[in-house]
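Below is one structure; the comments refer to it alone.
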Amino acid sequence: ASLVSRILSLKEAVTVEELQNDEEYTDIVEDMREECSKFGQVNNVIIPRPTAPGTPAPPGLGKVIVEFADETGCTAAFRVLNGRRFGGRTVVATYLLEQSYMAGQLDV
Amino acid sequence: EEPPKPKKRRSRWEEVPEENTDTTLAVVPKEITICGGIRVYLPSALTGGSTSSDPKIRELNNELNEVNRKILNNDLEIPPEGERSPSPEPIYDRNGVRLNTREVRVKERLMERRNYLIEELIKADPTYRPPADYRPAKKHR
């Protein structure tokens, strides 16, 4: 069964090293928000950042989570962004279940 | 002559042709069978070249688009001083103008890469139509 949701999860798009740099992080968030807004209304872009060494990694580290206002925008974005390159890497898109997202379970 | 407002930063997203972002685009088959069981390949210009299902062809198309963009925008990505490999001996023309400047060399390399990618696409995709300005590289040794 193909699972559809209004929450898009992009893997392989960012590296932990990039996220450590404040300027790069801001740029990446903007690139994501701008591109995703072409497909529908974006409510939120979440890109977990690495925490201090020795502390557990935040849920969803390495992913880009995009919350759309509705499924239509999310599926349109999925179709175009899956397999497309971002910063030279090929992005893998999946849907994140609404309840997982709401519970902050971004690793699933 | 610089415009007063800062130029828009380039997005990290790979550029895709407009028609590929149009999700209403009809799906055109890559090949059709006409009467008598003859299989006909449709030109990739019609089926949408970079949407090819073959990942190798898609990869080649993507890189070709990227190289084309760099050539058009003069985006040569010359690394800063100190991170560059040594330059070859300069070559000058009759008037003492240097021929092999860094920009010229980088651009030549991009053009060679473009030619190579087009050649690979011709080999990999029977429906691929090379751009009008493409000339096969002269094979010499």
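Same order as they appear, the protein sequences are chains A and B. So the working numbering is basically just the index in the first sequence, starting at one, shifted up by 61. So the working numbering is basically just the index in the second sequence, starting at one, shifted up by 493. Where a beta carbon is used, it is the ideal one built from N, C-alpha and C, also for glycine.
> Hey, out of B:Y609, B:L614, B:K616, B:A625, whose CA is closest to K631 of chain B's CA?
Replying inline: Sequence index remark: in the second sequence, residue 631 of chain B carries index 138 (1-based). Nearest option by C-alpha distance: B:Y609.
> Can you give the Cα-Cα distance for P111 of chain A and S98 of chain A, rounded to whole angstroms?
Replying inline: Taking the first sequence and counting its residues from 1, the one referred to as residue 111 of chain A is at position 50. Taking the first sequence and counting its residues from 1, the one referred to as residue 98 of chain A is at position 37. Spanning the two alpha carbons is a distance of roughly 26 Å.
>> Short of 7 Å in beta carbon distance, which residues of its chain neighbour N593 of chain B, apart from the five on each side in sequence? Order them along the chain.
In response: As a position in the second sequence, residue 593 of chain B is number 100, starting the count at 1. The beta carbon of N593 of chain B sits closer than 7 Å to the beta carbons of P581, P583, I584 from its chain, once the five residues preceding and following it are set aside; these are given in chain order.
>> Is E85 of chain A close to the ligand SAH? I mean its beta-carbon at under 8 Å from any heavy atom of the ligand.
In response: Of the ligands one can find in the structure shown there are none, so the ligand SAH has no counterpart to examine.
>> So with CB distances below 8 Å, who are the chain A contacts of E507 of chain B?
In response: Against the second sequence, residue 507 of chain B aligns to sequence position 14. Proximity of chain A to E507 of chain B at the Cβ level (cut-off 8 Å) is accounted for by R145, R146, F147, in chain order.
> Between the C-alpha atoms of P119 of chain A and V125 of chain A, what's the straight-line distance to the nearest angstrom?
Replying inline: Within the first sequence, the letter at position 58 stands for residue 119 of chain A. Within the first sequence, the letter at position 64 stands for residue 125 of chain A. If I take the Cα positions, the gap works out to 13 Å.
> In chain A, which residues lie less than 8 Å from S504 of chain B when you measure between Cβ atoms?
Replying inline: As a position in the second sequence, residue 504 of chain B is number 11, starting the count at 1. Simply D92, E95, E96.
>> Ignoring anything shorter than 3 residues, give me the beta strand (DSSP E) runs that lie fully in the segment 81–168 of chain A, in order along the chain.
In response: Complete beta strand (DSSP E) runs here, min 3: 103–107, 125–129, 153–157.
> Measuring CA to CA, which of B:I531, B:M604, B:R505 is closest to T87 of chain A?
Replying inline: Along the first sequence, one-based indexing puts residue 87 of chain A at 26. Nearest option by C-alpha distance: B:R505.
> Closest by CA to A154 of chain A, which one among A:Q166, A:S161, A:F139, A:M163?
Replying inline: Against the first sequence, residue 154 of chain A aligns to sequence position 93. For A154 of chain A, the closest of A:Q166, A:S161, A:F139, A:M163 by C-alpha to C-alpha distance is A:F139.
>> Taking the alpha helix (DSSP H) that K631 of chain B belongs to, which residues open and close that run?
In response: Translated into positions along the second sequence, residue 631 of chain B becomes position 138. K631 of chain B -> no alpha helix (DSSP H), and no H or E assigned at all.
> When burial is assigned at 16 or more other CB atoms within 10 Å of the CB, is T136 of chain A buried or exposed?
Replying inline: Stepping through the first sequence from its first residue, residue 136 of chain A is reached at position 75. With 16 or more other Cβ atoms within 10 Å, it is buried.
> Cα separation between G575 of chain B and G148 of chain A?
Replying inline: Taking the second sequence and counting its residues from 1, the one referred to as residue 575 of chain B is at position 82. Taking the first sequence and counting its residues from 1, the one referred to as residue 148 of chain A is at position 87. Separation of G575 of chain B and G148 of chain A (C-alpha to C-alpha, rounded to the nearest whole angstrom) is 24 Å.
> What is the DSSP secondary structure of Y609 of chain B, reduced to helix, strand or coil?
Replying inline: As a working mapping, residue 609 of chain B is identified with position 116 in the second sequence. Assigned with DSSP and collapsed to three states, Y609 of chain B falls in helix.
> CB-CB under 7 Å to D168 of chain A, same chain, minus the five flanking residues each way: which ones, in chain order?
Replying inline: On the first sequence, position 107 is the one that residue 168 of chain A refers to. Here the set comprises P120, G121.
> Is the beta carbon of R607 of chain B less than 9 Å from the beta carbon of I550 of chain B?
Replying inline: Here residue 607 of chain B corresponds to residue number 114 of the second sequence, with the count starting at 1. Here residue 550 of chain B corresponds to residue number 57 of the second sequence, with the count starting at 1. Cβ distance not < 9 Å, so R607 of chain B and I550 of chain B don't count as in contact.
> At least one CB of chain C closer than 9 Å to the CB of N566 of chain B: is that the case?
Replying inline: Absent from the structure: chain C. Protein chains present are A and B.
> In this structure, what does DSSP give as the bridge partners for T526 of chain B?
Replying inline: Counting from 1 along the second sequence, the entry for residue 526 of chain B is found at position 33. Partner(s): B:R532.
>> Below 8 Å on C-beta distance, what does I89 of chain A contact in chain B?
In response: In the first sequence, the residue the question calls residue 89 of chain A occupies position 28. Contact note: I89 of chain A reaches chain B through R505, using a C-beta cutoff of 8 Å and chain order.
> So, do the segment 613–628 of chain B and the segment 587–605 of chain B have three or more beta carbon pairs nearer to each other than 8 Å?
Replying inline: Cβ pair count under 8 Å is below three, so no.
> What does N555 of chain B touch in chain A if you count any residue whose Cβ is under 8 Å from its own?
Replying inline: Sequence index remark: in the second sequence, residue 555 of chain B carries index 62 (1-based). Those within 8 Å of N555 of chain B in chain A are R146.
>> Could you tell me the alpha carbon to alpha carbon distance between D83 of chain A and P624 of chain B, rounded to whole angstroms?
In response: Reading the first sequence from its first residue, position 22 is the one you call residue 83 of chain A. Reading the second sequence from its first residue, position 131 is the one you call residue 624 of chain B. Spanning the two alpha carbons is a distance of roughly 42 Å.
>> Does M93 of chain A pass the burial test, meaning 16 or more other C-beta atoms within 10 Å, or should it be called exposed?
In response: In the first sequence, the residue the question calls residue 93 of chain A occupies position 32. With 16 or more Cβ atoms within 10 Å of its Cβ, M93 of chain A is classed as buried.
> Under three-state DSSP, which class holds I584 of chain B?
Replying inline: Taking the first residue of the second sequence as 1, we reach residue 584 of chain B at position 91. Coil.
>> Within the continuous beta strand (DSSP E) that includes L69 of chain A, where are the two ends?
In response: As a working note, residue 69 of chain A is residue 8 in the first sequence. 68–72 is the span of the beta strand (DSSP E), which, as asked, contains L69 of chain A.
> In terms of residue numbering, what span does the alpha helix (DSSP H) encompassing V560 of chain B cover?
Replying inline: Within the second sequence, numbered from 1, the residue matching residue 560 of chain B stands at position 67. Here the alpha helix (DSSP H) through V560 of chain B covers 548–566.
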